[in-house]
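For the sequence shown, my numbering gives the first residue as 18, with consecutive numbering after it.
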Amino acid sequence: MRFYLSLILLLQAFITTGQETGQQVLSYPEYLAYVKKYHPVVSQADLQLEMGEAELLRARGAFDPKLEVDYSRKEFKGTEYYDLLNSTFKIPTWYGLELKAGFEQNEGLYLNPERTVPPEGLFSAGISLSAAQGLIMDKRRAVLKSAKALREQTQAERDLMVSDVLFEASEAYLKWARLHRELEIYEGFVANARQRFQGISRSAATGEIAAIDTVEAGIALQDRLLQLEQTRVKLLKQKLQVSNFLWLENNVPVELQPTTVPEADFLQEYPNEMGAGEWMQEFSFEDHPKMQAMEAKLKALRVERRLKMNNLLPKVDLEYNFITPEPESINNYDTSNYKAGLKFSFPLFLRKERGELKLAKFKLEDASLELELSRREIENKIDGLLQELESYMEQISLSEQMVANYRELLRAEERKFSFGESSLFLINSRENKLIEARLKQNELLTKYLVARAELFRSLGVAPPIID
18 MRFYLSLILL
28 LQAFITTGQE
38 TGQQVLSYPE
48 YLAYVKKYHP
58 VVSQADLQLE
68 MGEAELLRAR
78 GAFDPKLEVD
88 YSRKEFKGTE
98 YYDLLNSTFK
108 IPTWYGLELK
118 AGFEQNEGLY
128 LNPERTVPPE
138 GLFSAGISLS
148 AAQGLIMDKR
158 RAVLKSAKAL
168 REQTQAERDL
178 MVSDVLFEAS
188 EAYLKWARLH
198 RELEIYEGFV
208 ANARQRFQGI
218 SRSAATGEIA
228 AIDTVEAGIA
238 LQDRLLQLEQ
248 TRVKLLKQKL
258 QVSNFLWLEN
268 NVPVELQPTT
278 VPEADFLQEY
288 PNEMGAGEWM
298 QEFSFEDHPK
308 MQAMEAKLKA
318 LRVERRLKMN
328 NLLPKVDLEY
338 NFITPEPESI
348 NNYDTSNYKA
358 GLKFSFPLFL
368 RKERGELKLA
378 KFKLEDASLE
388 LELSRREIEN
398 KIDGLLQELE
408 SYMEQISLSE
418 QMVANYRELL
428 RAEERKFSFG
438 ESSLFLINSR
448 ENKLIEARLK
458 QNELLTKYLV
468 ARAELFRSLG
478 VAPPIID
């Protein structure tokens, strides 16, 4: 369902109504603020962040205390073959050590000898330890560390996604503002051409000038009207592009009214608000979201390499339990009653483990090279954009001078025409040059602001106007 801005009360905060024309003005800062808050891509980015938190929560679950109860009973033709109860409470710790407490009670005519315990049951308390492989690093610790790195990576990737959508939204708004300004330019020159046509028609009717001049003035008016209508169509299409970025809560899309316009004099004001050098003063590559995402990826790969190195060690699992039929006797540390065990395994050639370690090293090296390449690309991108911004500022200054000069030439030609020293052809030529200069100035202002928006995206930050 599509809603018009005038019907959405929540948007009244950033839509101001012009007192003279009744137009509704959608400001650039508020437009970007709503994009950043409600756009579906931003919501998707937030979901990725929540998924990273969920992965971390799942990884932490490997260290949750665990209660296990195993009960089994068999009775046949009135004979109790066995009744087995074995319960265990385990507390995993960080360094491969697991604390255990248990209770075992077994009875029946056909018990295996190792299951024979006192009638009142047998209590136990002890530890299990991976003494070689798994002591420094094991799978559950690796998964937890990787999940922490993934959380950092998803946060950085979320910032990148937001920067991308803000740039795309900025580009759409800036093109809309440029076309709206072009429409105003053509409207002004259409009014001039119409007034000139009417004046020449009256003069031709009285015989002051040749009637053929009315044809030339009429053609000039028709040309201006044609340019106006072409720009109007482009503006309507671009306004729909801007609407694509406007949403409200609960994924409700917003459609701009025909009377909604961008900020007045927007293109002229923003290029002078701040120099590009000031944006770079607090920037560091360590804070760039892409660098942070790749550093987080490297963290996870280092954890994987460490795990694969640990897998080269033999598996040596030790277990020791104090056992007693009386739980209060466990505190006496009577070592005469115990249950102990040792498990050992070691592959003779370690081909699987060595292959996995090589792959982990190659992945880490590949990611490191990708990080350095990305850093260099970002540096060059930023340097290029800074130079581009400086060039645009110089071009804008030159275009302003050209507009002023062409305007002065047009005025002079009009004065000469009023004295009979010029022709309508020369006036139209001067006016065409002035139109071209104003459109070029408008285009340069837009290119400057688009380059500035792209600089913010390259820096991985949101424009300061919405901070």
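The C-beta atom is built at its ideal place from N, Cα and C for all residues, glycine as well.
What you are looking at is a predicted structure, and each value in this text was computed from that prediction instead of being measured.
N- and C-terminal bounds of the alpha helix (DSSP H) containing residue i
| i | result |
| --- | --- |
| residue 71 | 57–77 |
| residue 357 | First-last for residue 357: 355–362, but that is the beta strand (DSSP E), not the alpha helix (DSSP H). |
| residue 463 | 441–476 |
| residue 400 | 368–435 |
| residue 247 | 229–260 |
| residue 317 | 306–327 |
Alpha-carbon to alpha-carbon, residue j and residue i
| i | j | result |
| --- | --- | --- |
| residue 58 | residue 179 | 7 Å |
| residue 131 | residue 123 | 10 Å |
| residue 93 | residue 129 | 17 Å |
| residue 340 | residue 356 | 7 Å |
| residue 458 | residue 382 | 49 Å |
| residue 33 | residue 54 | Note on residue 33: pLDDT 37, under 50, position unreliable in the model; the coordinate value appears next. Spanning the two alpha carbons is a distance of roughly 20 Å. |
| residue 197 | residue 160 | 54 Å |
| residue 134 | residue 112 | 32 Å |
| residue 250 | residue 44 | 22 Å |
| residue 90 | residue 68 | 43 Å |
| residue 200 | residue 279 | 12 Å |
| residue 77 | residue 158 | 9 Å |
| residue 394 | residue 419 | 37 Å |
| residue 37 | residue 275 | At residue 37 the pLDDT is 44, less than 50, meaning the model places this residue with poor confidence; the figure from the coordinates comes in the next sentence. The straight-line gap from Cα to Cα measures roughly 16 Å. |
| residue 380 | residue 127 | 56 Å |
| residue 334 | residue 145 | 7 Å |
| residue 360 | residue 336 | 9 Å |
| residue 308 | residue 263 | 30 Å |
| residue 13 | residue 245 | Nothing can be reported for residue 13, as the shown portion of the chain is limited to 18 through 484. |
| residue 226 | residue 211 | 17 Å |
| residue 266 | residue 469 | 29 Å |
| residue 143 | residue 85 | 16 Å |
| residue 109 | residue 320 | 20 Å |
| residue 441 | residue 230 | 7 Å |
| residue 183 | residue 477 | 11 Å |
| residue 241 | residue 174 | 48 Å |
| residue 474 | residue 456 | 27 Å |
| residue 105 | residue 170 | 38 Å |
| residue 535 | residue 102 | Given a span of 18 to 484 for the chain in the structure shown, any question on residue 535 remains unanswerable. |
| residue 23 | residue 238 | Confidence is the limiting factor: at residue 23 the pLDDT is only 33, short of 50, which leaves the residue's position unreliable and the question unanswerable from this model. |
| residue 392 | residue 304 | 12 Å |
| residue 235 | residue 222 | 15 Å |
| residue 480 | residue 46 | 9 Å |
| residue 70 | residue 414 | 50 Å |
| residue 62 | residue 396 | 25 Å |
Strand pairing of residue i, partner residues [DSSP]
| i | result |
| --- | --- |
| residue 119 | 105, 141 |
| residue 163 | None, per the DSSP bridge assignment. |
| residue 269 | 265 |
| residue 93 | 96 |
| residue 85 | 105 |
| residue 333 | 361 |
| residue 339 | 142, 355 |
| residue 124 | 100 |
| residue 17 | A query on residue 17 cannot be resolved here, the shown segment of the chain reaching from 18 to 484 and no further. |
| residue 114 | 146 |
Short CB-CB distance (under 8 Å) between residue i and chain C
| i | result |
| --- | --- |
| residue 412 | The displayed structure is made up of one protein chain only, and chain C is not part of it. |
So does the segment 197–206 actually touch the segment 452–467, counting three or more Cβ pairs closer than 8 Å? yes
Using 8 Å as the cut-off, can you tell me whether the segment 249–263 makes contact with the segment 175–194, which would need three or more C-beta pairs spanning the two stretches below that distance? yes
Below 8 Å, how does it come out for the segment 312–324 and the segment 166–173: are there three or more Cβ pairs, yes or no? With the rule of 3 Cβ pairs closer than 8 Å, the segment 312–324 counts as touching the segment 166–173.
Touch check for the segment 395–413 and the segment 456–474: three-plus C-beta pairs under 8 Å? yes
Pairs of beta-carbons, one from the segment 421–432 and one from the segment 387–394, closer than 8 Å: are there three or more? no
contact_flag[the segment 136–152, the segment 432–447] where n(CB pairs < 8 Å) is 3 or more: At 8 Å Cβ cutoff, the stretches do not touch.
Determine, using beta-carbon pairs with one atom in the segment 315–333 and one in the segment 365–377, whether at least three such pairs fall under 8 Å. yes
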